[in-house]
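Residue numbers (full-length UniProt numbering): 1 to 754. First up is the structure itself, then whatever we jot down about it.
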């Protein structure tokens, strides 16, 4: 056992040897950040050069000097005044099973974590480190292949562009609480404790031996109605260890039907064909309630992630609700309190002015019958569609031939050492890649599969914009042109400049907005990517951007001041759009650039949030995201983006930007009559808070009615809540909507902004 306790001023980095069952103690500084790992198969030659086959740090000496690319299972720690942070990382690779167990600490996240599975036996051949015929370690894909999509480097250096690969999913499936790649989910992989001691165990004894697993899984079968299945599924009498993660089935007792959940959407399993590895499934919400009652929040059926792929015999259907106009292939009435009708298309050009959209596959045969009226929409949805699960058929054949039982098994050998100490996360592992930018973006685009927006050629872009004849605007990203699709739809074509950063913006925007479907989010109709030519095609917004209406003057010097009721409706619509981004999508989207210039208005002044170039994607359950630099526009950026001691960057950062924008909309920092006698009063939020608190006249440069005055005070009070310095004091966008739609009397005055 190794005991690490506070008190020392230095920490040895030479390492030490431990035999099985041995333990030792080490004293560390009270403020320390570092990693501990095991090295195996170490030798020292006659010249004194020291090296290890696994876990080597490349110094030719026993002592390590802080190398960031250790190819081993790492226990990472950080001790500071905020507590202890710890994790187990496989980002650099795997060599030994490892477990961290805290003792005696406080906090709700004092949980054990680790990777106790023996990954060497199942390591992909291209990642293996071998000693003779034995696999002794499993490299990371970054170390073995050096390509940027595996290293999260270059244009892939963001959570939006660097997604899990089949290699990182191999690590994550076996060790779900360990970091598997640079932008893995902190919420599931990082742990926090206060004043704890820690046991670090290398090669821990597994809770389930192979023999026990054999007995548990040998005769266990999932049975429900007409379905009877074994591996790779679990559920019912089959424990999770007997099946593949993500393939857990549930039996609904009263109806005797089998259910499965995929990417947050529940499905009924209609048929399983094990010989072809095919499931036929149908969405539970449509089976139970019909096409007019999609689950809330509305979610598309996305089947482009492990372990499923969408079968080839399907057609992707887009269903749109209560559209003002339609170029659809059919409109069906709704007997529903939510919607009046639903229209269907099979492409991504959705009708204008719809309340909601949802995308779901159906069988190609159902689509053909739907078109010739021999099948109605409800029957097509209830018939479902086919997905295929990925399975190593040859491995299963060999396993069955020798009478074995397949399951998810932990390591069955015992190695050597336990470490005990007080104990955060450290580094990512960027390396130079080999692929060029074009190849990276091409690969990124293909990840969207059948749900990708329509792709246009550069010649088609020139034609739809009449050779870029009608320019709508220009910014640091490039230029925007007015265009027209062949079917007559007006569009705005955002042509990106050649700046390096705009390549990341391009991928961020496609990744983020392709996941959305909401009346207050601008619709991405397509894109162009031909080497240096990159463009995004959006629905056209005839009123332009909100900033033109805030100060009462447009480019034509005509008065463009909005009425207070219209302003209130716009504020409400933006809040609904932001709430959808934060809570309504399969993946939470953080915008990070909410400002008037990025709010577009249609002909009815319905607001649409646009420009997702700085956005980040994260799990909906995740509250804090990692940031490599400041994002946003000065004046709207939340303080925690710059000053991390104020709290983590999260969806509350969008709330801050929203609050600053609403303050600007209400009176504007320029249109409110601020005649400050003291320099400190020039800070607009403090000035407006003082006058709101004292119930004095806000000196807005116009005469307003009593109703308009109430709207004004409500908007100001809500926005002041949104711009609280501490992110924890800010409301969620759901709470913002409640406050906006409630009475002014029920609103408490927030603390004074600092």
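Ideal Cβ placement from N, Cα and C applies to all residues, glycine included. On a predicted model such as this, the values are computed, not experimentally measured, just so you know.
Within the same chain, and ignoring the five residues on either side of residue 128 in sequence, the residues whose Cβ sits closer than 6 Å to its Cβ are 135. The beta strand (DSSP E) runs of length 3 or more contained entirely in the region 70 to 148 are, from start to end of the chain, 74 to 80, 83 to 89, 98 to 103, 113 to 115, 128 to 131, 134 to 139. Residue 590 places its beta carbon less than 8 Å from that of residue 653. Secondary structure note for residue 526: its beta strand (DSSP E) is the uninterrupted segment 524 to 530. Taking a C-beta distance under 8 Å as the contact criterion, residue 384 and residue 270 qualify as a contact pair. Per DSSP, the continuous beta strand (DSSP E) segment holding residue 191 begins and ends at 191 to 193.
The three-state secondary structure of residue 316, taken from DSSP, is strand. Residue environment: residue 470 is assigned as exposed (fewer than 16 neighbouring CB atoms within 10 Å of its CB, all protein chains considered). Nearest neighbour of residue 200 by Cα position, chosen from 707, 259, 111, 665, turns out to be 111.
Note: residue 539 is bridge-paired with 491 in the DSSP secondary-structure output. In the three-state reduction of the DSSP assignment, residue 371 falls in the helix class. Boundaries for residue 162: no alpha helix (DSSP H) harbours it, and the DSSP string shows neither H nor E there. DSSP places residue 651 in the uninterrupted alpha helix (DSSP H) bounded by 651 to 666.
Its Cα nearest to that of residue 63, the residue 52 stands out among 545, 172, 52, 71. Residue pairing from DSSP places residue 229 in a beta bridge opposite 222. The three-state secondary structure of residue 749, taken from DSSP, is coil.
Excluding five sequence positions before and after residue 145, the CB atoms of its chain that fall closer than 8 Å to its own CB belong to 126, given in chain order. Around the beta carbon of residue 728, a 10 Å sphere encloses fewer than 16 other beta carbons of the protein chains shown; the residue is thus reported as exposed.
By the CB criterion at 8 Å, residue 565 and residue 665 fall outside the cutoff. Put simply, the backbone Cα of residue 282 is about 44 Å away from that of residue 466.
In this structure, DSSP gives residue 602 a state outside helix and strand, which the three-state scheme calls coil. With fewer than three CB-CB distances shorter than 8 Å, the region 365 to 380 does not count as touching the region 252 to 266.
Shown here, residue 323 sits in coil according to DSSP, grouped into three states, outside any helix or strand. Annotation for residue 358: the continuous beta strand (DSSP E) segment containing it runs 356 to 363.
Contact between residue 468 and residue 381 does not hold, since the beta-carbon distance rounds to 42 Å and is not under 8 Å. In terms of Cα proximity to residue 615, the closest of 203, 54, 594 is 594. Of the residues 638, 194, 546, the one whose Cα lies closest to the Cα of residue 106 is 194.
Pairwise C-beta distances place the region 110 to 124 in contact with the region 72 to 91, as three or more of them are shorter than 8 Å. Taking the CA atoms as reference points, residue 731 sits about 10 Å from residue 739. A check of alpha carbon separations from residue 119 across 357, 139, 649, 133 identifies 139 as the nearest. Here the C-alpha atom of residue 601 lies approximately 35 Å from the C-alpha atom of residue 185. Non-local beta-carbon contacts of residue 663 in its own chain, meaning distances under 6 Å to residues more than five positions away in sequence, involve 719 in chain order. Residues of the same chain with a CB within less than 6 Å of the CB of residue 222, apart from the 5 flanking positions on each side, are 229, 233, 235, 236, 238, 249 in chain order. The beta-bridge partner set that DSSP reports for residue 341 consists of 333.
Looking only at 588, 534, 713, 641, the smallest Cα-Cα distance to residue 726 is reached by 641.
Shown here for residue 346: same chain residues with a beta carbon closer than 8 Å to its own, the five before and five after excluded, namely 315, 316, 317, 318, 329, 367 in chain order.
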